[in-house]
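Colleague: In full-length UniProt numbering, the protein residues as written are 1 to 352.
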């Protein structure tokens, strides 16, 4: 568990935190350039000193301005992966990985190398590696120091799209198979969607939202950040049943369900799905004899006008679903907050 209760002056802004981050999974730190993302993890790692407040990791005080406590970076047991890999050019990959390796991790070396898919790189020099390969080695080196927390400062920012796609699956595997919490700094919505369990949104040094990915993503806080084509809903669901004849899977969403193209996950397993706002239509009464498999009863929470379109925020079983409609449709159906209606979603439009 990471306890953050501090403030630090950043030029004309002040970075202010009063949050407790989980002891597992990936927490994404999201915001535009200058929001305070890198300043936050630099304070956590000990590279900078907040003027006020306290930082504690798993009960160990890392920084306490009032009591004059400030552990040096090497005493904090925190791994740090930068935008650039920062490997030692004169050491082969094996040497880079073993540099600073904790004795307790010697038995985990082969497993971690396998998880990162870098077995074939061990006897190569960093200069012969691609950007994605260098970052995998940098992540491995950080993990082999046996950290209690891993900080990743936009590790994919310097990579082109193919290299980003190459590295994302390895980060997903690490999140599933190692028990080390990660703070992942990014301004890429796509990376956050693929990786994050929780999200903290920073703006001008202030926390605008913090919570599970699906809750923050569906909140009005994220609305200004999302390009129109990315306005969507992330929903946590569980597998209810499979329909082998039609190759479909039913997913539980509160006391309702959604049909999607057949999934391989077993019954009762949980997963996330994504629904684009443009793929949701609204009706006041449940339709009769429709080809659309998913008709969900929902309550209108809010409506936002956006350049000739209307984004409708719906509540379904405590979750948020976004729909995009025209002003004409809004006015004709008298859609406003508090109205109960039905949301229609095509099965083929839902991505898992």
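Ideal Cβ positions, reconstructed from N, Cα and C, are used throughout, including at glycine.
Can you tell me which residues form a DSSP beta bridge with residue 248?
Modeller: Position 248 of the chain shown, counting from 1, holds the residue named residue 248. DSSP lists 243 and 261 as partners of residue 248.
Colleague: Grab me the residues of residue 139's own chain with a C-beta within less than 6 Å of its C-beta, minus the 5 sequence neighbours each way, in chain order.
Modeller: Locating residue 139 in the chain shown gives position 139, where the first residue counts as 1. The answer, listed in chain order, is 81.
Colleague: Would you tell me roughly how many angstroms separate the C-alpha atoms of residue 232 and residue 71, rounded to the nearest one?
Modeller: As a first step, residue 232 must be located in the chain shown, where it is residue number 232. As a first step, residue 71 must be located in the chain shown, where it is residue number 71. Answer to the nearest angstrom: the Cα atoms are 42 Å apart.
Colleague: When the Cα atoms are used, what is the spatial distance from residue 3 to residue 179?
Modeller: Taking the first residue of the chain shown as 1, we reach residue 3 at position 3. Taking the first residue of the chain shown as 1, we reach residue 179 at position 179. C-alpha separation (whole angstroms): 18 Å.
Colleague: Who are the Cβ neighbours of residue 166 in its own chain at under 7 Å, not counting the five residues just before and after it?
Modeller: Residue numbering aside, residue 166 sits at position 166 when the chain shown is read from its first letter. These residues qualify, in order along the chain: 132.
Colleague: Would you check if there are 3 or more beta carbon pairs closer than 8 Å linking the stretch 115-133 to the stretch 37-54?
Modeller: Touching, no, given that fewer than three Cβ pairs across the two stretches are closer than 8 Å.
Colleague: Alpha carbon to alpha carbon, how far is residue 234 from residue 350?
Modeller: Counting from one through the chain shown, the residue named residue 234 turns up at place 234. Counting from one through the chain shown, the residue named residue 350 turns up at place 350. Rounded to whole angstroms, residue 234 to residue 350 spans 10 Å at the Cα level.
Colleague: Who does residue 212 pair with in a DSSP beta bridge?
Modeller: One-based indexing of the chain shown puts residue 212 at position 212. Answer is 198.
Colleague: If I'm right that residue 66 touches residue 207 with Cβ under 8 Å, what's the distance once you round it to whole angstroms?
Modeller: On the chain shown, position 66 is the one that residue 66 refers to. On the chain shown, position 207 is the one that residue 207 refers to. Not quite, the Cβ-Cβ distance comes to about 22 Å (not below 8 Å), so this is no contact.
Colleague: Less than 8 Å separating the beta-carbons of residue 218 and residue 290?
Modeller: Start at 1 with the first residue of the chain shown, and residue 218 comes out as number 218. Start at 1 with the first residue of the chain shown, and residue 290 comes out as number 290. Result no, Cβ atoms of residue 218 and residue 290 do not sit closer than 8 Å.
Colleague: Just to confirm the assignment: which complete alpha helix (DSSP H) runs, minimum length 4, are found wholly within the stretch 101-161?
Modeller: Taking only runs of at least 4 residues, the alpha helix (DSSP H) segments lying wholly in the stretch 101-161 are 109-116 and 131-143.
Colleague: Reducing DSSP to helix, strand and coil, say where residue 38 ends up.
Modeller: Working through the chain shown from its first residue, we reach residue 38 at position 38. Correct three-state label for residue 38: helix.
Colleague: Report the start-end ranges of each beta strand (DSSP E) in the stretch 292-334 that is 3 residues or longer and not cut off at the edges.
Modeller: Correct list: 294-306, 309-316 and 319-325.
Colleague: What is the DSSP secondary structure of residue 236, reduced to helix, strand or coil?
Modeller: In the chain shown, the residue the question calls residue 236 occupies position 236. Three-state result, residue 236: strand.
Colleague: Could you tell me which residues DSSP pairs with residue 1 in its beta bridges?
Modeller: Along the chain shown, one-based indexing puts residue 1 at 1. The partner list for residue 1 (beta bridge, DSSP) is empty, contrary to what the question assumes.
Colleague: Whose C-alpha, out of 126, 190 and 103, is nearest the C-alpha of residue 94?
Modeller: Taking the first residue of the chain shown as position 1, residue 94 is located at position 94. Closest by alpha carbon: 126.
Colleague: Return the chain-ordered ranges of every beta strand (DSSP E) run that is complete within the stretch 13-74 and spans a minimum of 3 residues.
Modeller: Runs of the beta strand (DSSP E) inside the stretch 13-74: 13-21, 26-30, 52-57 and 60-64.
Colleague: Taking DSSP as the reference, what is the three-state secondary structure of residue 91?
Modeller: In the chain shown, residue 91 corresponds to position 91, counting from 1. The answer is coil: DSSP assigns residue 91 none of H, G, I, E or B.
Colleague: For residue 282, does the three-state DSSP call read helix, strand or coil?
Modeller: To locate residue 282, count along the chain shown from 1; it is residue 282. The answer is strand: DSSP assigns residue 282 an E or B state.
Colleague: Between the stretch 310-326 and the stretch 265-272, do three or more beta carbon pairs fall short of 8 Å?
Modeller: Result no; under three Cβ-Cβ pairs closer than 8 Å.
Colleague: Among the residues of its own chain, which have a CB less than 8 Å from the CB of residue 339, if the five just before and after it don't count?
Modeller: If you number the chain shown from 1, residue 339 lands on position 339. Taken in chain order, the residues that qualify are 299 and 300.
Colleague: Do the CB positions of residue 187 and residue 168 come within less than 8 Å of each other?
Modeller: Taking the first residue of the chain shown as position 1, residue 187 is located at position 187. Taking the first residue of the chain shown as position 1, residue 168 is located at position 168. It is not a contact, given that the beta carbons lie outside the stated cut-off.
Colleague: For the beta strand (DSSP E) that contains residue 79, what are its first and last residues?
Modeller: In the chain shown, counting from the first residue as 1, residue 79 sits at position 79. From DSSP, the beta strand (DSSP E) with residue 79 extends over 78-81.
Colleague: What whole-angstrom Cβ distance do residue 185 and residue 37 have, given they're in contact under 8 Å?
Modeller: By 1-based counting over the chain shown, the position of residue 185 is 185. By 1-based counting over the chain shown, the position of residue 37 is 37. Contact holds; Cβ gap of about 5 Å.
Colleague: For residue 102, does the count of other Cβ atoms within 10 angstroms reach 16, so buried, or fall short, so exposed?
Modeller: Here residue 102 refers to the residue found at position 102 when the chain shown is read from its first residue. It is exposed - the Cβ of residue 102 has fewer than 16 other Cβ atoms within 10 Å.
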